[in-house]
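A.B. asks:
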Amino acid sequence: MSNPTGSNSASTSFTEVCSNVASTITQYFTPTVSAEAKPADSEEAGEEAEEEGDEEDPEDPAPAIREGKLPYLSKRFSESQCAESKCSKYKRHFDHCQERVLGGKGDKGEDCVEELFHLMHCVDECVSYATPQVFNKLTKESFLFEDTQPAQTISYTHTHSYCPSPNSPYGVPTQINLRPSYAKELPIYCGNGRSSNQLQRPVWTLHDGPPYANGSIHMGHALNKILKDIINRNKLLHGYRIKSVFYLPGFDCHGLPLELKAIQALRPVCPDAKTLDPVLVREAARETAIEGIKLQVDEFHRLSILTDWEKPWRTLGRLNITTSQPNDLILDLIYFPYPLLQDHDYEIKQLELFGEMVKNKLISRHRKPVNFSPSSGTALAEAEIEYRDDHRSRSVYAAFDIVHPSPALKKILDQFAFNSKLRAVIWTTTPWTLIANQAVVISKSALYSLVKLLSPDQTSHPELLIFATDRLEALHNLFSNTSVKLQVVGELSGEELESSTYRHDFTSSVLPIFSADHVTVESGSGLVHTAPSHGLEDFHAYTHFMATQRPSETPSLIEVVDDEGKFDIRGTAEWSSRLHGKAALDEGNAEVISILEEQNRMIGKDVIIRHKYPYDWRTKKPILTKITSQWFVELKNIRKAALTMLEGVDFHPPASRKRLESFLKSRSEWCISRQRPWGVPIPVLYSIETDLPLLTNESVSWIIEVLKARGTDHWWKGPVEDFIPPGVTGNFKKGTDVMDVWFDSGVSWLTSDGNPVDMVLEGSDQHRGWFQSQILTFIAATLAERHSHPVYKSVVTHGFTLDKHGRKMSKSSGNVLSPLELIDGDETTKTPRFGIDILRFWTASVDFTKDVTIGLDQLSRLSDVVRKIRSTARFLLGNVYRDGDSESSQVGVSPEGFGLVSQHSTNTKTTFWTSRVNIEPSEQIEKYMLHLLYEFQRSVQQAYNGLDFKQVVQLVTSFTMKTLSAFYFETVKDILYNNSKEDLERANVLHLMTNVCGSNILNIYKLSIAPILPHLAEEIAIHQTPLGYSHQCQSTSVFEECWPPLRDAWKDSEVAKQMESLISIRDLIMREAEVLRQAKQLRSLEEVELVIDISNLMMGKAPNDLAETLIKHDSLLPRLFGLSDASVCKTASVTNTVLNIAAPAWQHEFEFRCQGSMHLVKIFIVPAWRSKCPRCWKFTVEENCPVCARCAQVLTSPMPSPS
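Per the numbering used here, the very first residue in the sequence shown carries number 309; after that it's consecutive.
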């Protein structure tokens, strides 16, 4: 059979070479007499080794293994350990390897140790130094000359090319311990454009939506910030500049939650919150906000976010410097070196923008029903409301007495010869609003029936009810359990019913019945109870009726609920005293139902229904609608411009466009006033005599100048005279309303000087919040010519974080996972310590465009993947310029042969390598690896730029597990460890894996993980730099680098096709080898040789493609298949001859059908006929020789003296 060694050019005879081996060994190596190997279950062999943890680095096991000790491996491979640990599911691999690895002495089981490292999950982190450890141990315990000197072993440790010089300052590969350090900051590049090359880059701007400065961060914060950071880091690697000013974090500091916390803190001083001084509340709320910001900044630091957290913008305002609290200001300035004046400037810019909107006549005051939260005590905008589908309401049918029937209705009534009591039936789910009823509204086109109720006690005076004809079934259901009979005695249209009037017991007025477009007969009775003070549709319908039908009358709206949501009724009627002071949504509602029953106005009983109802998004309590005077932004004139602007905006996912557009289309105004003290004041004065507002361009400008000089707190502290513009006379009072918090954060685009930002990224709930407020304020306050560009170029939305079962996280459910607990671990909740890399890897691994789940099991699985990535990087780093390899890897191969940048050297020791080296057939694997590297880089960059981070994770994982670990590393380990350092094949491999500052596996691998795993990428860069980088290639950070251009020359479809056909054969061989292992005929593939019979493929006029590939690359097969040798036989006679000469003790035959052909290929697995080489473990030692030809060549070449 052919010689499978990597050395093809020995000029002297093999016998002569072998004769010099003994003297070479004697000269350079000291024979070591080793004691009999201890069994695996001995006390010493079973000593426990410290498990690798996250808190501190594990003890390096390499020295002990180099000394021939077994405890580390014994612990890893002991049956009890495997049965108890996470690798128990791989026990079947352990079962068939255990006896050979641990049960024998000498070389028994040596060949399967390396394979076991790959099979056993618990040692996947050891893969990078598995072979050096095994070599260091087993070469001391194996027998070089078994037949003659069974007690003596020769150590070949220092003959392996992979082993570094003892003088190497960086130690052995195992000391490249790539583990993220969480106790100290790694030199993460902050992107401030400090280097000159950064200043030449184009700017990328991601506008950060502000988190609310209230309490610790949660998983939603972590998902949001890490996604933004991955995008920013990817942009850096693609040549953009991200100065901190263009990714400036912000904090939303106003609003009710912080104010309520401040009030709670002030209760010991003033128990009654109603009497608290607004200035005191504002100071306490500001202090609470600053504490929240400090807490969140510390926690955001832990997420490794690429920004300057010391310079955030804050909707906070400054303390009045003229006050007596300078220490608070000083402390705040100490913690945030960025001046508080910047916060003050933000508020002033916001007020100036408000002034522009006043100038553009977009701000107006109306008295109308608005969403009002009794639990918050203030009006709410639509963006501050969430709807729950499980709200429970008590619905009732109530009857109102008809006073004056319409002509058509009177005509029907005149047909009866008896007096009938006629009543109109309404239906409502808010009985408490019946106190404020002022009309009944019907559908003009619907039909209404007159239904006579017949009962034993009403025969002489039956009752007539007006009910929608299409809803009569509902009326029948109300009396289904009674003896009352229903009879329809008449019918008329809604138009004919109009102009009728009615009365109820909560008012002495006669009230109208009229039609409106919003009424349908799909539910209820078809007659709609209308309380214009408590419903916007009711308000518009009633005011339109009064303006068109009774223009001479001034509408007088009934107000019965105060700002706490309680009835405020001070009449003399008995029912008013029963309701006064009761919560309208609670006990007041129940009392109204009781009064209706007493008044005999209930038709049937009240029914509990579940339906959609609005809730305060902060307090999670139901809200109501009540009439108040509020300030509004008129949106009718800017809504169309906003929708037009969105046409030029990209959306990810694309479906989110419709969601934002639908919210904009449904809004005609924006209520921006809030009845709280903590916020930016609305700069308006009110006349004491008339209560009319003073809000002009001049008055707003004057007030802003005062606040600019003295701070916004002066609005509450200063006298009203300070704010009255010159030339204005009269008595005024200051308004007490503040601006909506969505208006606060909505003007944050001003921090980018009004220039369009490249991207905004927030949760899907921001379609009705921040995304809207950004675009609306931008259009409302900027000049028309600036509408040519949008406020943002792209909108990206992510879903919510749920527990592992897909449920919403809540403290009451006990399923909340804190990002900090996941990073640091928590003993009380038994949460493991995963570290930030795992949390970031989880963020990238999920489809963030939908709601995502997270659980400890999920993180544990991802932790295994990250550990494998880390060990893969460690293996690559272990081959960077070790023991003089800087010359061989940098100069010893022609870079152009790989399509790399040429590098030259004048090193006299390696000048014989400076000529171009063509890739030989044995380097077909490297060509194929270049093709795979090209596809990997192209796919990863495409996935990153398409925001498909889940695909990035899948690509990196597959490249790590399949391409590198299972394929390429397996094909190069023998070359790296056993070929001489001057070997060109080894130089080719090193150049592809780690060449200096070029497109190589290590560099592209590092860049592929950098945005997601920045700590690991930075550590790789740190270890790269001192190991041979030239001065020009040294970087402060990996994020000062850029992706190398794609090398189209690497893409080779023909090579890929050939290699994939060979790899398919490799998979078949692996499968058959497993069968032989189970039968205990085979321990390792190095023990066998392969005979491939392709005679059936040679029968046609031209050889089959597979046959050509096998013939062309026959010398590549031992390396690719992991065998000692392989022979390709074109004819059956040659196959028989080869097998007869080898005379194997056994042979295993199998066959497969060539793809696209009916011909079969036969493969014979036979024992190697030559002996095992104690240095490289290949079964390629000729008779009477101590080592194989390849190793003999290495051993007889000049070597340094051992130290």
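From the three backbone atoms N, C-alpha and C, an ideal C-beta is built for every residue, glycine too.
Can you give the Cα-Cα distance for residue 1441 and residue 1368, rounded to whole angstroms?
C.D. replies: Answer to the nearest angstrom: the Cα atoms are 28 Å apart.
A.B. asks: Could you tell me the distance, in whole angstroms, from the CA atom of residue 1504 to the CA atom of residue 1288?
C.D. replies: Distance between the alpha carbons of residue 1504 and residue 1288 is about 11 Å.
A.B. asks: Output yes if chain B places a C-beta closer than 7 Å to the C-beta of residue 1240; else output no.
C.D. replies: Any reference to chain B falls outside this structure, which holds one protein chain only.
A.B. asks: In whole angstroms, what is the alpha-carbon distance linking residue 735 and residue 571?
C.D. replies: Using only the alpha carbons, I get a separation of about 41 Å.
A.B. asks: Would the beta-carbon of residue 941 fall within 7 Å of that of residue 987?
C.D. replies: Result no, Cβ atoms of residue 941 and residue 987 do not sit closer than 7 Å.
A.B. asks: What are the boundary residues of the alpha helix (DSSP H) that residue 1268 is part of?
C.D. replies: Here residue 1268 belongs to no alpha helix (DSSP H), and DSSP marks it neither H nor E.
A.B. asks: Residue 1378: buried (16+ other C-beta within 10 angstroms of its C-beta) or exposed?
C.D. replies: Exposed: under 16 other Cβ atoms inside 10 Å.
A.B. asks: Quick one: any contact between the stretch 1261-1270 and the stretch 1348-1360, if contact means 3 or more CB pairs under 8 Å?
C.D. replies: In short, these stretches do not touch, since the Cβ pair count stays below three.
A.B. asks: Between which two residues does the beta strand (DSSP E) containing residue 920 stretch?
C.D. replies: It spans 915-924 - the beta strand (DSSP E) in which residue 920 sits, taken as one unbroken run.
A.B. asks: Short check: CB of residue 896 to CB of residue 740, under 7 Å?
C.D. replies: Yes; because the gap between Cβ atoms is below 7 Å, this pair is in contact.
A.B. asks: Based on the DSSP secondary-structure assignment, which residues constitute the bridge partners of residue 1134?
C.D. replies: Residue 1134 is bridged to 1139.
A.B. asks: Applying the 10 Å Cβ sphere with the 16-neighbour rule, what's the burial state of residue 910?
C.D. replies: Counting Cβ neighbours within 10 Å, residue 910 comes out buried, since at least 16 surround it.
A.B. asks: Between 850, 928 and 1469, which lies nearest to residue 1407 when the distance is taken from Cα to Cα?
C.D. replies: Minimum Cα distance to residue 1407 is reached at 1469.
A.B. asks: Can you give me the C-alpha to C-alpha distance between residue 1241 and residue 1313, rounded to a whole angstrom?
C.D. replies: Taking the straight line from one Cα to the other gives about 9 Å.
A.B. asks: Report the residue from 1037, 1042 and 1010 whose alpha carbon sits nearest the alpha carbon of residue 1024.
C.D. replies: The shortest C-alpha separation from residue 1024 is found at 1042.
A.B. asks: Taking buried to mean at least 16 other C-beta atoms within 10 Å of its own C-beta, is residue 1404 buried or exposed?
C.D. replies: Buried, because 16 or more other Cβ atoms sit within 10 Å of the Cβ of residue 1404.
A.B. asks: What's the C-alpha gap between residue 1467 and residue 1419?
C.D. replies: Those two C-alpha atoms are separated by around 17 Å.
A.B. asks: Measure the Cβ-Cβ separation of residue 774 and residue 865 and say whether it is below 7 Å.
C.D. replies: Their beta carbons are not under 7 Å apart, which means residue 774 does not touch residue 865 by this criterion.
A.B. asks: Of all the options 733, 674, 1163 and 799, which has the alpha carbon lying nearest to the alpha carbon of residue 979?
C.D. replies: If we check each option's Cα against that of residue 979, 674 comes out closest.
A.B. asks: If you check the beta carbons only, do residue 516 and residue 557 fall under 7 Å apart?
C.D. replies: Contact: yes.
A.B. asks: Is there contact between the stretch 1063-1077 and the stretch 1034-1041, where contact requires at least three CB pairs shorter than 8 Å?
C.D. replies: These segments do not touch.
A.B. asks: For residue 1000, I'd like the list of residues in its chain whose CB is within less than 8 Å of its CB, leaving aside the five on either flank, ordered along the chain.
C.D. replies: Cβ within range, chain order: 994.
A.B. asks: Which of helix, strand or coil does DSSP assign to residue 1437?
C.D. replies: If DSSP states are grouped into helix, strand and coil, residue 1437 belongs with the strands.
A.B. asks: With DSSP collapsed to three states, give me the class of residue 940.
C.D. replies: Three-state DSSP puts residue 940 in a strand.
A.B. asks: Run the CB neighbour count on residue 711, radius 10 Å, all protein chains shown included, and call it buried at 16 or more, exposed below.
C.D. replies: It counts as exposed.
A.B. asks: By the DSSP assignment, the beta strand (DSSP E) with residue 1145 in it spans what residues?
C.D. replies: From DSSP, residue 1145 is part of no beta strand (DSSP E) but of the alpha helix (DSSP H) over 1144-1153.
A.B. asks: Rounded to the nearest angstrom, what separates residue 699 and residue 1273 at their Cα positions?
C.D. replies: Cα to Cα, the separation comes out at about 56 Å.
A.B. asks: Taking all protein chains shown into account, do 16 or more other C-beta atoms lie within 10 angstroms of the C-beta of residue 695, making it buried, or fewer, making it exposed?
C.D. replies: With fewer than 16 Cβ atoms within 10 Å of its Cβ, residue 695 is classed as exposed.
A.B. asks: Mind the definition here: the stretch 1293-1304 touches the stretch 1118-1132 only if three or more C-beta pairs lie below 8 Å; say whether that holds.
C.D. replies: Too few Cβ pairs lie closer than 8 Å, so no.
A.B. asks: Would you report the Cα separation of residue 1472 and residue 1180, rounded to the nearest angstrom?
C.D. replies: Going from the Cα of residue 1472 to the Cα of residue 1180 covers about 34 Å.
A.B. asks: Could you work out which residue in 1122, 1167 and 1155 is closest to residue 1140 when comparing CA atoms only?
C.D. replies: Nearest of 1122, 1167 and 1155 to residue 1140, Cα basis: 1167.
A.B. asks: Can you say whether residue 503 is buried or exposed, counting buried as having 16 or more other CB atoms within 10 angstroms of its CB?
C.D. replies: Low confidence applies to residue 503: its pLDDT is 48, below 50, so where it sits in the model is not reliable, and the reading given next is rough at best. It counts as exposed.
A.B. asks: Are residue 751 and residue 802 touching if we call contact CB-CB under 7 Å?
C.D. replies: For residue 751 and residue 802, yes; Cβs fall inside 7 Å.
A.B. asks: Could you tell me which residues DSSP pairs with residue 1498 in its beta bridges?
C.D. replies: Per DSSP, none; premise fails for residue 1498.
A.B. asks: Between 1411, 1451 and 1493, which lies nearest to residue 1465 when the distance is taken from Cα to Cα?
C.D. replies: Cα-wise, what sits closest to residue 1465 is 1411.
A.B. asks: Which residue from 670, 567 and 535 puts its Cα closest to that of residue 939?
C.D. replies: Per the Cα distances, 670.
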